[in-house]
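A quick write-up on the structure given underneath.
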Amino acid sequence: MRGEPVRSSDEGSSLLEVLVSLAVISIAMAGLGSFFITGNLAVAHSRDVRQAVQVAAGGLEEVRALEGSSLLSGRGPVKVKGQWDAALTGPSRKKLKPYLSSMKMASDPEIKDSASTVGDEAPLSTATRTVTVGSATYQRTIYVGKCEVYYLRGDDCVNPDDYTAPPNKAEILRYFRVVVLVTWPGKNCADATCSHIASTLVSEAAEPTFDSNPGVPKVVTSELTFYVGREKSYQLDVDAGKPLYTWTIGSRPSWLTAPTAVGYVTGTPTAVGVTNTTLRVTDSNGIWDERPLKLTVVQPPSLAALPPSKSLVGADVSLTLAVTGGVPKYTFTSTNLPDELNLDPATGVITGRIGKAGAYPITVRVVDANGMRSDPMTFTHTVYQPVTLAALPAQSVNLGSAVSVTAVAAGGDGAYTYALSGAPLGVTIDAATGVVSGTPTVPGRYLLKATVTDGLGGTVSQTFELVVATTTRLTFTTPNPVGADRTSVAGTATSMALVTNGQSLSLGNISYTVTGLPPGLTLNSGQQTITGTPTAKGTYPVTITATSTPPTPQTAVLNFVWTIT
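According to numbering that gives the first Met the number 0, the sequence shown is numbered sequentially starting from 0.
See below:
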């Protein structure tokens, strides 16, 4: 007898298992696809950067092929300024700004016409050039400016317009700073524009000349300034004479070192004061010269602490840094100023408009005329969204009942002050909390305007309706106080009847007064109507007051907005 066949556990897959397997494979392939795409983009970007470095290096080679005196050749003032202006507003402005701010704009001194537009054909063109490497296209721009190194103060090459040069000209090294900007389109970069920057310094000095007749030495240094608690060095300056020199200070303070063999002195004084002494130099021929020397000690420059500042998004910012001590003129700097702000290096005034809310820590320093730096001072500038006020719902209460509604502000700096206008007697607003409360004493319709002002001076208002209803005192029945606002068309006749409940209350001689009517409309007291043809488009707040005469004088008020379209 044949037995039943045994079914193997791996005989086959069900439809469900097949579908699950396909889903897993699809998910895996989708992930791998994204991985490969991202990887390819990264590889392409890396290749583009390497080629951009080559393009920039080629620009620097063109610079090195020229003598320093030829770097500005053919670069006219108009083209140079246009080139810099475009750089400071273009997509690479954030990267370029530190370079351009550290050098003085310069053009060919041989071009005397200030309106000359030459420059595109200069050896270092002011125009942006297109450079193709393989299948990639790059835009290359070369900027040339002047900077100076005051080597006893530091190694930085700085904009000479922003700093006071040392009186000893031997302490000044003059350079051209050349900046090469290379840009290319790229999805991985901000504004879809990638950039690479390279720069170099080229000496501005001419080849040295030598004089076989050294002449008689003459002391040039006449005054030196030192700073309490800070070490400061100077090189003594002599004109003519035969090197090497020997220096002697007549009456030297204890805090001042004796001059070195090459004429350096260093001092770290402990108190403010002035010392008058003499300075003698003797050259290698034994010829000497002696002059008066004034040693002045002052406090080092210091920035006054700036309290936390604040502004609204898009609002003008104006902050002034105050400095004490040091020697004018001062140069102010910042390493982390937001892009939208500018610091005037000469005045210490920070201006601009910031377009994004947030807290911005800002660190600033000041350098005096002798290159002495202050300690860094950091403060926080906070930018807030403009203050807003939520719409207030229409209110309706019976005469003798209390009103209670709250004006709710947001944004701004949170230091809110509330105000209310157009309210009936008995209704007020809490200036600190925005709570509108009270019991109105005169029936009618009122348009209340709640206003909030924050600590930055930002202000905003919302208008809402308050209807005070009654059946026992004088009030308007036509128009209906609820939703009484009205719209009419300019040039088309219109009318509005005025009706109160005065007759039902046995009140006689109801009189009306109206203010704020649109031009062309008038009150017809005899017929208790407002009639006419409006002549001017606009929005007009209208107030109508109804008053009964003794022996039972009563008053009702109706406020509404009449819009003429």
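Using N, Cα and C, we set each Cβ at its ideal position, and we do this for glycine too.
Nearest neighbour of residue i, chosen from the options [CA to CA]
i: A430; options: C146, Q138 and T450; result: T450
i: T554; options: G507, V273 and S250; result: G507
i: P159; options: A121, N167 and I171; result: I171
i: P478; options: T544, V237 and Y162; result: T544
i: K93; options: S69, A468 and D190; result: D190
i: G515; options: F559, T534, V488 and T486; result: F559
i: I529; options: V513, P540 and W254; result: V513
i: F378; options: P252, Y149, S333 and T88; result: S333
i: K168; options: S510, V148 and A303; result: V148
i: S301; options: L318, F331, S310 and D288; result: F331
i: L235; options: L294, V271, R229 and G228; result: L294
i: V143; options: S101, S115, K111 and H380; result: S101
i: S400; options: T416, V441, A408 and P360; result: V441
i: P108; options: V132, T416 and S69; result: S69
i: T532; options: L255, T542 and T521; result: T521
i: P392; options: F463, V435 and L342; result: F463
i: W246; options: D238, S232, Y263 and V48; result: Y263
Element boundaries [alpha helix (DSSP H), containing residue i]
i: R92; result: R92 to S100
i: A358; result: Unbroken run through A358 is the beta strand (DSSP E), G357 to V366; no alpha helix (DSSP H).
i: T86; result: The displayed chain sequence assigns Ala, not Thr, to residue 86. Start and end: P76 to A86.
Straight-line gap, residue i to residue j (C-alpha atoms, nearest Å)
i: P337; j: P307; result: 15 Å
i: W561; j: V396; result: 24 Å
i: P252; j: G347; result: 35 Å
i: D9; j: I26; result: At D9 the pLDDT is 49, less than 50, meaning the model places this residue with poor confidence; the figure from the coordinates comes in the next sentence. So the two alpha carbons sit approximately 25 Å from each other.
i: D484; j: S510; result: 22 Å
i: L223; j: G153; result: 18 Å
i: Q384; j: P184; result: 34 Å
i: G67; j: T199; result: 12 Å
i: S310; j: T491; result: 48 Å
i: V498; j: T432; result: 39 Å
i: N335; j: V273; result: 38 Å
i: P552; j: R472; result: 10 Å
i: L14; j: L21; result: 11 Å
i: L398; j: V459; result: 30 Å
Run of the beta strand (DSSP E) containing residue i, from where it starts to where it stops
i: P184; result: I171 to P184
i: D315; result: D315 to T319
i: L419; result: T416 to S420
i: Q527; result: No beta strand (DSSP E) holds Q527; DSSP gives it neither H nor E.
i: S310; result: S308 to L311
i: P291; result: W287 to V297
i: A197; result: T192 to S202
Buried/exposed call for residue i, threshold 16 Cβ in 10 Å
i: L446; result: buried
i: Q50; result: buried
i: K78; result: buried
i: F35; result: In this prediction, F35 scores a pLDDT of 49, lower than 50, which makes its location untrustworthy; no coordinate-derived value is stated.
i: D367; result: buried
i: N369; result: buried
i: A570; result: This structure leaves residue 570 out entirely; the chain is present only between 0 and 564.
i: S106; result: buried
i: T538; result: exposed
i: S221; result: exposed
i: I24; result: exposed
i: R46; result: exposed
i: S250; result: exposed
Beta-carbon proximity check, residue i vs residue j, cutoff 8 Å
i: V201; j: V62; result: yes
i: N500; j: T474; result: yes
i: P439; j: L419; result: no
i: V386; j: I353; result: no
i: T277; j: P291; result: yes
i: K241; j: N284; result: yes
i: T116; j: T127; result: no
i: V466; j: V488; result: no
i: P280; j: D288; result: Correcting the residue type first, residue 280 is Val in the shown sequence and not Pro. The answer is yes: Cβ separation under 8 Å.
i: Q461; j: L388; result: yes
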